[in-house]
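Undergrad: Take a look at the following structure, please.
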């Protein structure tokens, strides 16, 4: 997750996104099952009609009663298969929906100048490589900001020493001090430690 606090607070967030992904997996699995069921039914009707000795195997007067017998004898398996499809779709979407939510939450935090976090995903979640790259980017950015903050502090000290040595108003020095303070203000808006 992006942080250890409130780990399960937003477990059911973004329901519309979750429902879309569940629907797409169900649709994909449903289309695949319907296709395989159609092929199975086609060959079952062909085989049954062949063994029963009917010449016109695809005659509607023969194939529709055979189809109803096949579906009638396998209704239990069809219901069990549908329940398994729903469970599989929920399982697979959970592997995608959780990381998508974590990435979205992480980007929201980054937009608000918070780069002091790591994205932690579960063992079987998708997107681990993306999480590692975001974590690496945040650590590099944090170290760069720390370096800029350190250099800005050193410049401020150098400006104060120069001001004491010159003992007079110098517009270029004052402008450099002002620009350095703007840099420090920009850096202070980030949470990087």
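In my numbering, the protein residues as written are 92 to 284. Built from N, CA and C at the ideal position, the CB exists for glycine as well.
Could you check where the alpha helix (DSSP H) with residue 168 kicks off and where it finishes?
TA: In this chain, the alpha helix (DSSP H) harbouring residue 168 covers 166-202.
Undergrad: Suppose the cutoff is 7 Å on Cβ atoms and the five residues either side in sequence are ignored; what does the same chain contact list for residue 271 look like?
TA: 243, 246, 247, 250
Undergrad: Leaving out five residues before and five after residue 253 in sequence, what residues of the same chain have Cβ atoms less than 7 Å from its Cβ?
TA: For residue 253, where only same-chain residues beyond five positions count, the Cβ hits under 7 Å are 264.
Undergrad: Here's the rule: buried if 16 or more other CB atoms are within 10 angstroms of the residue's CB, otherwise exposed. What is residue 171?
TA: exposed
Undergrad: For residue 244, does the three-state DSSP call read helix, strand or coil?
TA: helix
Undergrad: With the cut-off set at 8 Å, would you say residue 111 and residue 207 are in Cβ contact?
TA: no
Undergrad: Leaving out five residues on either side along the sequence, give the residues of the same chain with a beta carbon under 8 Å from the beta carbon of residue 197.
TA: Here the set comprises 93, 208, 210, 225.
Undergrad: State the start and end residues of the unbroken alpha helix (DSSP H) segment that holds residue 266.
TA: 262-279
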